[in-house]
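Under our numbering, the first residue of the sequence shown is numbered 540, with each subsequent residue one higher.
Single-structure report; data block below.
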Amino acid sequence: MSPRNQLISAIEPEVKDLSVKARVVRLWFMPPYNNNGPSSASNGVQIQMVLCDRENNTIAASVKSIYLNKFKSVLKEGGVYVLSKFAVVTNGGNFRVTNHVYQINFQFSTRVVPAVDDSSIHRFGFNWIPFDSITTGQAQPSTLVDVIGHITNMSDVHESANGDGVTKRIIIDLEDRELFQSWLHCVLLLTPLSHA
């Protein structure tokens with residue numbers, strides 16, 4: 540008998556035989572990289588994802604390069620899947636895409652079963668926060684956040700050279716649409732990520 544689907548909020552290493560029904564709300568390919576610059580191709584490209592369940596809980600998930608060929612043709616951004624037999628590890632480091640304490644790591648034994656699109660699962664997994672959560676330091680600086688506002692100013696594209704090539708960026712100013720008294724000054728990096 541297959542395990543009952545759990546909510547993402549229930550995911551932790553001690554819970555065995557987890558099965559989760561979730562939508563892939565974001566999916567991107569990460570090139571090999573280490574602290575000293577780009578690493579050798581032997582480390583390979585990884586798939587990184589954000590998964591969202593019916594209660595709009597999100598969790599990061601990754602597919603290491605050694606399993607890339609097994610999963611890359613199955614996983615699609617926007618798709619709904621039932622996932623099981625995955626590893627659960629601490630979501631640490633200096634940069635986190637979700638605030639969930641843990642993240643999912645796919646293994647060779649991980650099962651990915653496509654499911655019928657489920658309208659109860661949010662399409663984008665947004666969790667809007669007010670501007671003042673950022674400006675007052677309440678938002679975690681190492682975790683991605685979602686904001687919505689009106690663009691009041693946008694710079695030209697700025698280019699800067701570094702050891703890995705050229706980085707392009709623009710600077711935008713956002714105004715809070717509800718308060719109209721709060722602004723954010725944002726830098727958007729334009730270096731393309733591979734979706735191939």
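Don't be surprised by glycine CBs; every beta carbon is placed ideally from N, CA and C.
Keep in mind the model is a prediction, meaning the values are calculated, not measured.
Check: Counting along the chain, where does the alpha helix (DSSP H) carrying Phe568 start and finish?
Finding: Looking at the DSSP string, Phe568 is not in any alpha helix (DSSP H); the run it does join, the beta strand (DSSP E), is 558-569.
Check: Around the C-beta of Met588, are 16 or more other C-beta atoms found within 10 angstroms, so that it is buried, or is it exposed?
Finding: Within a 10 Å sphere around the beta-carbon of Met588 sit 16 or more other beta-carbons, which makes this residue buried.
Notebook entry, point to check: If you check the beta carbons only, do Lys611 and Gln585 fall under 8 Å apart?
Noted result: no
Note to self: At 3 residues or longer, what runs of the beta strand (DSSP E) sit wholly inside the region 650-714?
What the structure shows: 650-653, 689-693, 697-701, 704-714
Item checked: the region 619-630 touching the region 688-699, judged by at least three CB pairs closer than 8 Å -> no
Next item on the list: Below 8 Å on the Cβ atoms is my guess for Ala700 versus Ile643; work out the distance and round it to an integer in Å.
Entry: Contact doesn't hold; Cβ gap of about 37 Å is too wide.
Check: By how many angstroms is the C-alpha of Leu590 removed from the C-alpha of Asp657?
Finding: Rounded to the nearest angstrom, the two C-alpha atoms are 14 Å apart.
Item checked: Any non-hydrogen atom of the ligand GDP closer than 7 Å to Glu714 Cβ -> No copy of the ligand GDP occurs in the structure displayed, which carries no ligand at all.
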